[in-house]
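When we follow the UniProt record's numbering, the leftmost residue of the sequence shown carries the number 1, and every step to the right adds one.
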Amino acid sequence: MQRFIGQLTGVRFVAAAWVMLYHFQVPLATIGLLVPVLHEFLRVGRLGVDLFFALSGFILTHTYLTKLGPDLSWRRTRHFWWLRLARIYPVHFVMLNVAGLAVLAQATFGGADAASRDWLNPVDYLKQTLLIHEWGPNPQRGWNFPAWSLSMEWLAYLVFPVLILMLFRFHERLSTRAICAIWGGVLIPLLWYGIGYGGDPYYISGWGSTIRILTEFTAGALTYLVVLRHWNATANGPRPRVERLATTLSVALPIAIVALSVVLGHVGSLQWSTSDLPDTPNASDLPPKWHLILVPLLIAWIGALALTSRGPSRVLSKSRLVLGGYISFSLYMTHTVWYGLWRAAANAAGIKGGAIYAIAVVGLLAGAVVIAWLMWRFVEEPAREWMRRRSGERPKPLEELALEGQ
Numbered sequence: 001m002q003r004f005i006g007q008l009t010g011v012r013f014v015a016a017a018w019v020m021l022y023h024f025q026v027p028l029a030t031i032g033l034l035v036p037v038l039h040e041f042l043r044v045g046r047l048g049v050d051l052f053f054a055l056s057g058f059i060l061t062h063t064y065l066t067k068l069g070p071d072l073s074w075r076r077t078r079h080f081w082w083l084r085l086a087r088i089y090p091v092h093f094v095m096l097n098v099a100g101l102a103v104l105a106q107a108t109f110g111g112a113d114a115a116s117r118d119w120l121n122p123v124d125y126l127k128q129t130l131l132i133h134e135w136g137p138n139p140q141r142g143w144n145f146p147a148w149s150l151s152m153e154w155l156a157y158l159v160f161p162v163l164i165l166m167l168f169r170f171h172e173r174l175s176t177r178a179i180c181a182i183w184g185g186v187l188i189p190l191l192w193y194g195i196g197y198g199g200d201p202y203y204i205s206g207w208g209s210t211i212r213i214l215t216e217f218t219a220g221a222l223t224y225l226v227v228l229r230h231w232n233a234t235a236n237g238p239r240p241r242v243e244r245l246a247t248t249l250s251v252a253l254p255i256a257i258v259a260l261s262v263v264l265g266h267v268g269s270l271q272w273s274t275s276d277l278p279d280t281p282n283a284s285d286l287p288p289k290w291h292l293i294l295v296p297l298l299i300a301w302i303g304a305l306a307l308t309s310r311g312p313s314r315v316l317s318k319s320r321l322v323l324g325g326y327i328s329f330s331l332y333m334t335h336t337v338w339y340g341l342w343r344a345a346a347n348a349a350g351i352k353g354g355a356i357y358a359i360a361v362v363g364l365l366a367g368a369v370v371i372a373w374l375m376w377r378f379v380e381e382p383a384r385e386w387m388r389r390r391s392g393e394r395p396k397p398l399e400e401l402a403l404e405g406q
């Protein structure tokens, strides 16, 4: 059942690019590219992380449903955790230290006050190293900011061996309708939090990050079970009627997400202002309140893409987007540090607008992709392959080898 891996790998690039452009809104606005609709869509770009969470649950359930699902095994669990560390830890550790050095460089050469960064201390460094810094009701992000999601992913990986036991029994014993009902029930805490908690535009405090990873990861896993029910094993694909419906949904759901992001962005009571957040100069670029209501549509989109090879799935499975999917993790992990260095260089050179600034923004975007590719090519992949060999696994998973052979 490898046919959907191509398009879901392409989705990883979409998610990472969405987050990156969300962070790059100011330079995009400065050169006049942040036009209506695009602006509203990029304002909710942080949901690319939520898309990653759900996609992770989907893919891991696909990979481990029969490997870990039948019974709990300490040996297989340790093996799973090691392989997940091989996937995320090398880039995390490199960027953790690069981010620290970047802060010290700014303090030394750019006049920034490193002492004002209350997270720049050994205790928070240790928490980041152990990937536990986002756990709890009031996390301290600091250092390399995007690593907050890795802390949450690691929490999901730790509970996954127990979760997969339940998923395996759901698959064996429950009807598709029952699984869909559980899917909806799992997302209720997320929607309740997203609508009811109005004190934080980032939805991280008050256990927000934990609620997001546990609900979205689990919903992604349940989505895989639903997809599996509609997969025709003999034909290695979904039934024609199912694929037609999935193709329609794979087009309609993104349109609905964009449309709803525009609607949310124009409801006055859902907008943040500088009076709400006096320390945030660009409150208008923050996502509107209630934007987590878009998450169920994103998760459903994953299922729709998996059940068709047409429409957006055909585009997402193209080789360049698949390559983008491969470098997406490194893109996500490196782009904020690169952005900080770019801003410092632009300020030092006195570039604030005009044609030269536009050229610099092109360099910002191109540089982010090039740096991500270099990180993937010379850190992420070699380290992952080395760690996989240490566990007795082949350097690359079979599904990646199959994609490269297409």
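Glycine included, C-beta positions come from ideal geometry on N, C-alpha and C. Since this is a predicted model, take the numbers as computed values, not measurements.
Could you give the DSSP three-state label for residue i: helix, strand or coil?
i: W338; result: helix
i: P161; result: helix
i: W290; result: coil
i: G265; result: helix
i: G32; result: coil
i: W119; result: coil
i: Q406; result: A caution first: Q406 carries a pLDDT of 49, below 50, which makes its placement in the model unreliable, though a value can still be read off. Q406: coil per DSSP, three-state reduction.
i: G237; result: strand
i: W207; result: coil
i: W135; result: coil
i: W183; result: helix
i: W272; result: coil
i: W231; result: strand
i: D71; result: coil
i: D285; result: helix
i: I351; result: coil
i: F53; result: helix
i: W148; result: helix
i: T61; result: helix
i: L155; result: helix
i: D200; result: coil
Can residue i and residue j be called in contact, C-beta distance under 8 Å?
i: P254; j: Q271; result: no
i: L225; j: L167; result: yes
i: G325; j: T9; result: yes
i: H230; j: M20; result: no
i: residue 470; j: L126; result: Nothing about residue 470 can be reported from this structure: the residues present for the chain run from 1 to 406 only.
i: W143; j: G100; result: yes
i: W301; j: S250; result: yes
i: S328; j: R43; result: no
i: L191; j: L292; result: yes
i: W74; j: P137; result: no
i: P238; j: L307; result: yes
i: A102; j: Q128; result: no
i: V91; j: L55; result: no
i: I257; j: L294; result: yes
i: F170; j: F53; result: no
i: S309; j: R3; result: yes
Here's the rule I'm using: 16 or more other beta-carbon atoms within 10 Å means buried, otherwise exposed. How should residue i be labelled?
i: S273; result: exposed
i: R384; result: buried
i: I188; result: exposed
i: A348; result: exposed
i: R377; result: exposed
i: A219; result: buried
i: D118; result: exposed
i: I5; result: buried
i: E380; result: buried
i: E172; result: exposed
i: T215; result: buried
i: R78; result: exposed
i: Q406; result: A caution first: Q406 carries a pLDDT of 49, below 50, which makes its placement in the model unreliable, though a value can still be read off. Q406 is exposed by the Cβ-count criterion.
i: A355; result: exposed
i: A360; result: buried
i: Y202; result: exposed
Which residue from the options puts its Cα closest to that of residue i?
i: L364; options: A17, G6, F13, V11; result: A17
i: L47; options: H92, L286, H133; result: L286
i: R388; options: L130, Y89, P36; result: Y89
i: Y157; options: S175, I59, I182; result: I59
i: V362; options: R12, P27, Y202; result: P27
i: W82; options: P397, L260, R390, R394; result: R390
i: E393; options: R84, L101, V370; result: R84
i: A304; options: K67, R169, P395, T247; result: T247
i: N121; options: L307, P312, L104; result: L104
i: G265; options: Q7, Y22, P36, A15; result: P36
i: E243; options: F217, L214, G311, G199; result: G311
i: L374; options: L331, A355, W342, G353; result: L331
i: L163; options: I351, G57, M95; result: G57
i: L96; options: G367, V337, G353; result: V337
Report yes if the C-beta of residue i is less than 7 Å from at least one heavy atom of the ligand GTP; otherwise report no.
i: A29; result: The ligand content of the structure shown is nil, which means the ligand GTP is not present either.
State the CB to CB distance for the pair residue i and residue j, rounded to an integer number of angstroms; the pair is presumed to be in contact (CB under 8 Å).
i: I211; j: Y193; result: 5 Å
i: residue 485; j: P161; result: Absent from the model: residue 485. The displayed extent of the chain is 1 to 406, so no value can be given.
i: L298; j: L51; result: 5 Å
i: S205; j: V49; result: Not confirmed; about 16 Å, so no contact.
i: T30; j: G353; result: 6 Å
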